[in-house]
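Participant: Got a structure here, written out as structure tokens. Questions coming.
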Amino acid sequence: MLILETLQESWALQPALRHDMVHWRWFEPAFQAAVSQAAARHNVTVDVHGEVLCRAFFDWVHEVESQQHLEVVDPLDFRHAIAGLLLQHLFAAQFPSPRRAVLLTLQYDGAHGGTAGSLITSLVLTLLQALRLQAGAQTFTPDASLPQYWDSFLENAAQEPATAVCFLDRIAGLEPVWQTPTLLGERPAMRSAMVARTR
Amino acid sequence: MLTQTPVEHTMVQPTPPASPQQPALTAVELALKDGLRALEFNLRHGAHWLVDDVGPRLARQIDPVGIKGKREKLHVLVDSAAKGTLSTLETMQYRAASKAMADEPYRALDFELLPLAAYISSGDERNPSGLFAEVFYWLIRHALALGPDPGPGWLVRQLAVDEAYWQLQADHDGSATLGVPTAATDQQREQQHAWMCARLLHALIATRPVRDASMLPWTQTGHDPADTPAMLRVLLSVVLAVGSVTPASANTARAAACLHMGWQIAGARQAAFSGALARAGNDDAAALAEEFAFVLRHI
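Protein chains in written order, with my numbering: chain A, 14 to 212; chain B, 290 to 588.
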């Protein structure tokens, strides 16, 4: 339900995905395509606020760039980490301080439908799976206990977007770093890889 | 006490090479063009005022019975006279636009942008600033229309846009390599390009190409749109639109798409660009260039 398989496959086939994803000309249409597909799956229609998305994108790539040096340490974990940072910035754009425009505006066709948080998470999980495939790794199976903490995830990420990094790790079966979620060098895989490199 | 008398040097000192300057003829031509545009703008507004305000008021004065009264024909007569005036003016404006200025692609924003270097070093010896002044004039006009509130009739002065070109040349001390990439590596080229964008934004801000049409051109007081955040966004979006075009990105150089993208990014990063501009001293251009480099790297 959360992973958009068609997009995942087409993105995974793009050899320059890791490079392209931090470019606005790739990211914007990819985002639009993903949230539209996710919205159709969740019985909602969605409007994307272009400028809010643009701000979230550049804030995200700024953070990615500032920790870019860690990519060589553990390239696969770095992909998980930057997907987490993306989720964080998209949540921050969706649940901003009062009187600011929001990223997604949803219109419900029926009584039930997905939330903005589920659409954003769907996009990021799909992108992360594609990044793994493109790096030669297998896709992961989302944490089976996810339904038990799904509501908690959405609520916490809306209030404190940095927790989205931790929840994404948990969904992907990695150990979350609740104290310093946005410091990529503190991630267990990164720390282990750094220790191994110094030996 | 011996006093040293000043020695008079009769030898002619070598004069330094002159900084590139806006040719007087170009300045006159563009001033006239701007003047005609301002006249056209004011005539159009005047004609609308005639139709919307003066005509109905005149009809009411002549015939207080009103439009539902018996002498309705008089109202129709005044109304049609006013509308006729407007129609004549609009026809004249259309003819002037289509005959005197072959700028339809620019007017419709239906053209391909070139990389920034092509505008800065156009290679046209007769009119080196011509292409720059024309394209940037129209981009600024279109960028002004992208805002949610187009403002109280802002006019773009092509003469000031042209001045920005010459200021850019003078800043670079007349170097023949301005706009021509001389850097060896991609990173150096990126930095050089970012510096050029930063200088261009500075030049456009300094020459104030947009003015409030309700103010007389020679008055300096009143509301100056150049100082507003909205104007920074307009100029920034234009620089980003052109700055985003590289020789390798020819398939993404449609002016309308680039300007729309520039507008979005300018809005999203306006705080960062404002901060860079606000930094004092010689760091100004460095901080601005850094921000341009970051943004352009991720377009």
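Glycine included, C-beta positions come from ideal geometry on N, C-alpha and C.
Which residues in the same chain have their Cβ closer than 6 Å to the Cβ of residue 486(B), if we skip the five residues on either side of it in sequence?
Facilitator: Cβ within range, chain order: 528, 532 and 581.
Participant: Of the choices 92(A), 105(A), 159(A) and 69(A), whose alpha-carbon is the least far from that of residue 197(A)?
Facilitator: 92(A)
Participant: Taking the alpha helix (DSSP H) that residue 484(B) belongs to, which residues open and close that run?
Facilitator: 475-496
Participant: Check residue 413(B) in the structure and name its three-state DSSP category.
Facilitator: Reduced to three states, the DSSP call for residue 413(B) is coil.
Participant: Under 7 Å Cβ-Cβ, which residues of chain B neighbour residue 64(A)?
Facilitator: Under the 7 Å cutoff, chain B gives 553, 556 and 557.
Participant: Identify, in the order they occur along the chain, each residue of the same chain with its Cβ nearer than 6 Å to the Cβ of residue 545(B), setting aside the five sequence neighbours on each side.
Facilitator: 398
Participant: In whole angstroms, what is the alpha-carbon distance linking residue 575(B) and residue 380(B)?
Facilitator: 49 Å
Participant: Within the continuous alpha helix (DSSP H) that includes residue 154(A), where are the two ends?
Facilitator: No alpha helix (DSSP H) holds residue 154(A); DSSP gives it neither H nor E.
Participant: Can you check whether the C-beta of residue 550(B) is within less than 9 Å of a C-beta belonging to chain A?
Facilitator: Yes, residue 550(B) counts as interfacial toward chain A.
Participant: List the residues of chain A that residue 541(B) touches, going by C-beta distances under 8 Å, in chain order.
Facilitator: 38
Participant: Do the stretch 65-74 of chain A and the stretch 101-115 of chain A touch if we need at least three Cβ pairs shorter than 8 Å?
Facilitator: yes
Participant: Give a yes or no on whether the minimum CB-CB distance between residue 30(A) and chain B is below 9 Å.
Facilitator: no
Participant: May I have the straight-line CA-CA distance separating residue 185(A) from residue 450(B), to the nearest angstrom?
Facilitator: 54 Å
Participant: Which value, in whole angstroms, describes the spacing of the CA atoms of residue 442(B) and residue 435(B)?
Facilitator: 14 Å
Participant: For residue 182(A), which residues from the same chain have a beta carbon less than 6 Å from its beta carbon, with the 5 sequence-adjacent residues on both sides left out?
Facilitator: 189
Participant: Taking the beta carbon of residue 209(A) as the centre, do at least 16 other beta carbons fall within 10 Å, making it buried, or is it exposed?
Facilitator: Burial call: exposed.
Participant: Considering just the uninterrupted stretch of the alpha helix (DSSP H) at residue 500(B), what are its terminal residues?
Facilitator: Careful: residue 500(B) lies outside any alpha helix (DSSP H), inside the beta strand (DSSP E) at 499-501.
Participant: Out of curiosity, what's the CA-to-CA distance linking residue 151(A) and residue 428(B)?
Facilitator: 48 Å
Participant: Let's test the definition: count the other Cβ atoms within 10 Å of the Cβ of residue 87(A) and tell me whether it reaches 16, buried, or not, exposed.
Facilitator: buried
Participant: With a threshold of 7 Å on Cβ separation, who are the neighbours of residue 33(A) within its own chain once the five nearest residues in sequence on each side are excluded?
Facilitator: 27 and 39
Participant: Determine the burial state of residue 170(A): buried for a count of at least 16 other Cβ atoms within 10 Å of its Cβ, exposed for fewer.
Facilitator: buried
Participant: Beta strand (DSSP E) containing residue 443(B): first to last residue?
Facilitator: For residue 443(B), the uninterrupted beta strand (DSSP E) run begins and ends at 443-445, by DSSP.
Participant: What are the residues of the stretch 54-84 of chain A that lie near chain B, defined by any Cβ-Cβ distance shorter than 9 Å?
Facilitator: 63, 64, 65, 66, 67, 68, 69, 70, 71, 72, 74, 75 and 78
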